[in-house]
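K.L.:
Last residue of the sequence shown: 444 (our numbering), numbering continuous.
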Amino acid sequence: VSLSRDGDADPDLRSWLNTLEDAGQLRHITASVDWDVEIGAITRANLAIGGPGLLFENIIGHENTRCTKLLTSALGSRRQVQLMLGLPADSSDSAIVRHLRDAFKNPIPPRVVDSGPVKENIVEGDDINLWELPVPKWHGGDGGRYLDTFCGVVTEDKVTGRDNIGLYRGQIVDRDKIAKLLVPSQGWGVHMEEYKPEPMPVAVVYGWHDVMPFCAGSPFPKNVCEWDMMGALLGRPVDLVACETVPLHVPATAEIVVEGFIDPDPSTFVMEGPFAEYPGFLGGAAPAPVLRVTRITHRNDPVLRGTLEGIRP
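1. So L435 and L206 are supposed to be a Cβ contact under 8 Å. How far apart are they, rounded?
2. Hey, would you say L371 sits closer than 9 Å to V244, going by beta carbons?
3. Going by the beta-carbon positions, is the gap between P142 and L298 smaller than 9 Å?
4. For the alpha helix (DSSP H) containing D432, list its first residue and its last residue.
5. Look at the alpha carbon of T150 and the alpha carbon of L214, and state the distance between them as a whole number of angstroms.
6. Work out the CA separation of P352 and L231 for me, nearest whole Å.
7. Using 10 angstroms around the beta-carbon of H380, count the other beta-carbons present and answer buried if the total reaches 16, otherwise exposed.
8. Where K289 and H322 are concerned, what is the direct C-alpha to C-alpha distance, given to the nearest angstrom?
9. Given that a residue counts as buried once 16 or more other Cβ atoms are within 10 Å of its Cβ, and exposed if not, what is R276?
10. Could I get the ranges of all uninterrupted beta strand (DSSP E) runs contained in the segment 381-437, with 3 residues as the minimum, in chain order?
11. Look up P189 in the DSSP assignment and say whether it is helix, strand or coil.
12. Looking only at its own chain, which residues have a Cβ that is under 6 Å from the Cβ of T199, when we skip the five neighbours before and after it?
13. Hey, would you say E403 sits closer than 9 Å to G274, going by beta carbons?
14. What residue range is occupied by the uninterrupted beta strand (DSSP E) comprising T203?
15. Can you have a look at S146 and say buried or exposed, based on whether 16 or more other CB atoms are within 10 angstroms of its CB?
16. Pairs of beta-carbons, one from the segment 332-350 and one from the segment 374-389, closer than 8 Å: are there three or more?
17. Under a Cβ-count criterion, where at least 16 other Cβ atoms within 10 Å of its own Cβ denotes burial, should T425 be classed as buried or exposed?
18. Run through the DSSP bridge pairs and tell me what L157 is partnered with.
19. With C-beta atoms as the reference, is Q211 less than 9 Å away from G247?
20. Leaving aside the five residues before and after D137 along the sequence, list all residues of the same chain whose C-beta is less than 6 Å from its C-beta, in chain order.
21. Identify, in the order they occur along the chain, each residue of the same chain with its Cβ nearer than 7 Å to the Cβ of N177, setting aside the five sequence neighbours on each side.
22. Using a Cβ-Cβ cutoff of less than 7 Å, which residues in the same chain neighbour V314 once the five nearest sequence positions on both sides are dropped?
23. Runs of 3 residues minimum, wholly inside the segment 233-318: which ones carry the beta strand (DSSP E) assignment?
24. Please list the terminal residues of the continuous beta strand (DSSP E) segment that includes L439.
25. For a test of the three-state rule: what should DSSP assign to S133, helix, strand or coil?
26. Just to confirm before moving on: does the CB-CB distance between M361 and M343 stay below 9 Å?
27. What's the gap between the Cα of I296 and the Cα of G348?
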């Protein structure tokens with residue numbers, strides 16, 4: 132089943148938005164909203180009632196910044212998962228699980244292409260400013276504005292050359308720095324050990340087809356590449372392009388990509404957290420490694436993806 136409902140268009144965030152729109156699962160929020168806790172509160176209330184995806188288009192302080200739109204709640208209900216998988220509305224949970232198990236048995240590797248819309252804008256040097264992105268402070272108890280909530284964090288295994296795409300929280304701490312929760316036992320934590328004492332190259336993808344965060348947050352075995360699993364769900368390869376400053380690849384039709392390096396030296400760590408995690412508890416604050424941003428690439432008029440999707444309180 133091709134998940135791209137808008138003809139033969141390549142799967143990306145925009146084709147996913149069209150899929151949601153066609154199914155009555157998207158609302159354009161044109162009212163003025165505040166990134167400071169208000170977006171988080173609206174998103175949480177909407178998820179609690181199984182509401183539609185919300186595309187915030189009028190965010191205070193971000194009316195004219197590099198990015199002005201934020202998508203939330205687009206994969207927060209059974210119906211939206213069914214749409215992502217091309218399944219009918221009466222599909223049971225067990226049917227969804229069976230479909231996923233069958234699809235994942237047939238991985239489709241990605242393919243590398245020369246360029247794509249993610250290269251329409253290349254931001255470097257003093258122009259790099261993460262504060263230009265409409266990143267919410269999601270909860271009152273959070274330590275700051277969390278950019279990395281529903282993204283794809285790309286690293287490469289230095290030994291095998293296999294990519295890992297994970298979903299790891301990240302807090303903006305400076306115009307070109309993201310403090311990252313890095314757990315040694317998780318995919319990219321294992322990669323970090325291989326790079327020590329050198330900094331590890333990282334790319335973070337914000338906004339592509341929602342199969343990306345779905346697979347990035349899934350517990351696949353370590354010998355499985357998430358690009359292959361995304362291809363399995365889409366029924367076609369993921370088209371990847373080379374990054375500008377790190378030896379990694381990202382979806383050619385991604386909305387926004389941040390490239391950079393994470394230094395394993397504890398003397399470079401900064402405080403990260405607290406953050407209200409998706410299962411309903413407040414995760415603590417601790418010194419954390421920092422992703423130092425070396426490039427941002429993005430589409431024209433990009434849409435940021437972020438969310439509180441998860442277990443409801």
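By construction, the Cβ of each residue, glycine as well, lies at the ideal position given by its N, Cα and C atoms.
Source: prediction; values computed, not measured.
P.N.:
Taking the structure as given:
1. With a Cβ gap of about 15 Å, L435 and L206 do not count as contacting.
2. yes
3. no
4. Unbroken run through D432: none, as it is neither H nor E.
5. 7 Å
6. 15 Å
7. buried
8. 7 Å
9. buried
10. 387-393, 401-403, 417-419, 421-429 and 434-436
11. According to the sequence shown, residue 189 is Asn rather than Pro. N189 falls in the coil class under three-state DSSP.
12. H193
13. yes
14. K200 to T203
15. buried
16. yes
17. buried
18. G184
19. no
20. Since pLDDT at D137 reaches only 41, below the 50 mark, its modelled position is unreliable, and no value is offered.
21. L185 and S204
22. G320
23. 252-254, 277-279, 283-287, 294-297, 301-305 and 308-311
24. Note, L439: premise wrong, no beta strand (DSSP E); not H, not E.
25. Because the pLDDT of S133 is 38, which lies under 50, any placement of that residue in the model is unreliable, and the question is left without a value.
26. yes
27. 8 Å
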